[in-house]
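Engineer: The numbers in the working numbering rise by one with no breaks, and the one at position 11 of the sequence shown is 22.
Glycine is no exception: its CB is placed at the ideal position from the N, C-alpha and C atoms.
Just so it is clear, the structure is predicted and the values come from calculations on it, not from any experiment.
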Amino acid sequence: MVATFGPDQGDLMTIDQLAERSGITVRNIRFYAGRGLIPPPQLRGRTGLYGPDHLARLELVSELSALGFTLSAIEGHLERLPARAGAAELALQRALLAPWVPEEIEEIDRAELDRRAGRTLSHDELATLVELGAVTPLDDGRVRLHGTTVLGIGVAVLDSGLPTELWEHVHQLIEQHTTALAEDLMKLFQDEILQPYRDRGRPADERSRLAAALSQLKPLTMRGVMTAFGRAVNKTIRERIG
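1. Whole beta strand (DSSP E) runs in the region 117-194 with 3 or more residues, listed along the chain?
2. If we ignore side chains and look at the alpha-carbon of each, how far apart do P50 and L71 end up?
3. Does L60 come out as helix, strand or coil in the three-state DSSP assignment?
4. Measuring alpha carbon to alpha carbon, tell me which residue in E100, D170, V236 and T139 is nearest D195.
5. Could you check where the alpha helix (DSSP H) with L54 kicks off and where it finishes?
6. Could you name the residues that DSSP lists as bridge partners for M237?
7. If you compare alpha carbons, which of E74, P52 and D150 is closest to D22?
8. Are L143 and G165 closer than 8 Å when you measure CB to CB?
9. Would you kindly report the start and end of the unbroken alpha helix (DSSP H) that includes P214?
10. Can you give me the C-alpha to C-alpha distance between V154 and E74, rounded to a whole angstrom?
11. Assuming G47 is part of the alpha helix (DSSP H), what are its boundary residues?
12. When you compare the region 115-132 with the region 157-164, are there three or more beta-carbon pairs, one atom per stretch, that lie closer than 8 Å?
13. Classify R218: buried if its beta carbon has 16 or more other beta carbons within 10 angstroms, exposed otherwise.
14. Just confirm the distance between the C-beta atoms of T25 and L60, as a whole number of angstroms; I'd bet it's less than 8 Å.
15. Could you check whether T139 and L169 sit closer than 8 Å to each other, using their CB atoms as the reference points?
16. Is H65 buried or exposed, if buried means 16 or more other CB atoms sit within 10 Å of its CB?
17. Buried or exposed: which applies to Q28, given that a residue is buried once 16 or more other Cβ atoms fall within 10 Å of its Cβ?
18. Taking L107 as the reference, which of N245, I204 and A44 has the closest Cα?
19. Give the DSSP bridge partners of M24, in chain order.
20. Does I35 come out as helix, strand or coil in the three-state DSSP assignment?
Here you go:
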């Protein structure tokens with residue numbers, strides 16, 4: 012891997028400065044460098060200096076790690092990027108991988124789960140939360156919590172008075188159709204946006220525009236899905252009454 016630096020040498024940083032800018036410890040930066048996840052620094056005497064490309068690559072590693080990618084998966088993803096991918100290309104990769112909705116995944120014990128739920132959960136209530144995708148049981152007795160908002164929805168379901176089987180079927184339907192929709196949307200974006208960009212040789216002047224378009228695409232698509240779903244339900248109600 013070759014280190015790439017722009018003409019502005021003032022952007023160069025020591026490893027301590029890089030750690031402060033990236034939020035990654037010096038120890039981990041050295042570990043990532045040893046695994047080839049970032050290129051070697053530019054040497055000035057005995058001091059290694061790092062540039063914007065190093066920072067962008069570390070930010071991408073952090074993004075992938077936060078999304079739950081294993082170290083080997085991160086290595087595989089970075090290997091597929093152009094060898095001289097610079098900060099702009101890596102920023103585009105981060106835009107592509109950024110979650111469409113925030114996910115705050117935590118691993119907590121049962122006592123903490125009960126505290127956040129506002130009561131001691133029974134075995135059946137915990138099983139319902141698992142079916143609804145709010146929590147995932149772990150081998151050590153703890154649970155993986157898939158976000159405070161999701162837990163709040165799950166507890167509201169428990170308190171709704173409606174049969175839990177109904178809510179489980181609702182969740183299964185939503186999962187089934189939203190997964191298919193997500194796959195179709197990703198394929199459409201891949202075929203009509205990303206692949207043509209790659210076929211054109213990843214032109215540098217398109218990267219920032221593409222990243223900006225992505226930042227607009229995500230919230231607009233989410234609002235479009237919610238609006239379309241609501242209108243579809245309204246239409247179904249009218250047709251059934253008619």
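Structural biologist: The answer reads as follows:
1. Within the region 117-194, complete beta strand (DSSP E) segments of at least 3 residues are found at 146-148 and 154-157, given in chain order.
2. Those two C-alpha atoms are separated by around 14 Å.
3. Three-state DSSP puts L60 in a strand.
4. Comparing Cα positions, the closest option is V236.
5. No alpha helix (DSSP H) holds L54; the beta strand (DSSP E) holding it covers Q53 to R55.
6. Per DSSP, none; premise fails for M237.
7. The shortest C-alpha separation from D22 is found at P52.
8. It is a contact, given that the beta carbons lie within the stated cut-off.
9. Element bounds for P214: n/a, residue is neither H nor E.
10. Spanning the two alpha carbons is a distance of roughly 23 Å.
11. DSSP places G47 outside any alpha helix (DSSP H), giving it a letter other than H or E.
12. The region 115-132, when compared against the region 157-164, does touch it at the 8 Å Cβ threshold.
13. Burial check for R218: the Cβ neighbour count within 10 Å reaches 16 or more, so the residue is buried.
14. Contact holds; Cβ gap of about 7 Å.
15. Contact annotation: L169 and T139 have beta-carbon atoms nearer than 8 Å.
16. Buried, by the Cβ-count rule.
17. Counting other Cβ atoms within 10 Å of its Cβ, Q28 stays below 16 and is therefore classed as exposed.
18. The alpha carbon of L107 has as its nearest neighbour, out of N245, I204 and A44, the alpha carbon of I204.
19. Paired residue(s): Y61.
20. In the structure shown, I35 adopts coil according to DSSP, grouped into three states.
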